[in-house]
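Student: Pasting in a structure now, in structure tokens, and then I'll have a few things to ask.
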Amino acid sequence: SEYVAACDERRPFISGFDGSAGCAVITLDAASMFTDGRYFLQARQQMDDNWTLMKRGLPGVPTWQEYLTDHLPAGTRVGIDPTLLSSAEGISLKKTLNARGNGDLVAIEENLVDIVWGSQRPPRPQDKVFIHDAKYAGESHADKITRVRAGFESLDTDGLV
Numbered sequence: 001s002e003y004v005a006a007c008d009e010r011r012p013f014i015s016g017f018d019g020s021a022g023c024a025v026i027t028l029d030a031a032s033m034f035t036d037g038r039y040f041l042q043a044r045q046q047m048d049d050n051w052t053l054m055k056r057g058l059p060g061v062p063t064w065q066e067y068l069t070d071h072l073p074a075g076t077r078v079g080i081d082p083t084l085l086s087s088a089e090g091i092s093l094k095k096t097l098n099a100r101g102n103g104d105l106v107a108i109e110e111n112l113v114d115i116v117w118g119s120q121r122p123p124r125p126q127d128k129v130f131i132h133d134a135k136y137a138g139e140s141h142a143d144k145i146t147r148v149r150a151g152f153e154s155l156d157t158d159g160l161v
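Residue numbering for the sequence shown follows the UniProt record's numbering, starting at 1 and increasing by one per position.
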């Protein structure tokens, strides 16, 4: 989500770049920020010289997955926080790594940026959860669940996680 709690603002903490779209890739010898044209100027202004701006969408600029596999030696293990990577991104990265023989993904138990952030990391919000009224959501949560369950048969599945 582009709207996250202060304690989850890992990209701005580690890079200085606080635009709503970007992917930070850090290896042993490089730190690269992938973002689109909306944020080229902002990213350049907010990041220091330790970061390389990768202008996503321009000719010759690889995806972050391609960049990672191009810059890692064979057999490399890539640590990922599975709570922050979508399944599609994870599958794409795993396929790219495997196709190039670079290595494999390793789910980390604690986010490395959180470890670096340490005691300076803002606390989690303590706001109460509430039900968003159907008049704003368009339909009730029960109706949404019914529609999801209706899709199980077409997907030949019995559940959704």
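Just so you know, even glycine gets a beta-carbon here, dropped at the ideal spot from N, CA and C.
So does the segment 73-92 actually touch the segment 43-58, counting three or more Cβ pairs closer than 8 Å?
Tutor: no
Student: Using 7 Å as the threshold, is the C-beta distance between R100 and T69 below it?
Tutor: yes
Student: Does the distance from the C-beta atom of P123 to that of A107 stay below 7 Å?
Tutor: no
Student: So what does M33 bridge to, in DSSP terms?
Tutor: A24, L53
Student: Between F13 and the rest of its own chain, which residues show a CB-CB distance below 7 Å, the 5 nearest in sequence each way excluded?
Tutor: These residues qualify, in order along the chain: V113, W117.
Student: What would DSSP say about V78, mapped onto helix, strand or coil?
Tutor: In this structure, V78 counts as strand in the three-state DSSP scheme.
Student: Helix, strand or coil for L105 per DSSP?
Tutor: strand
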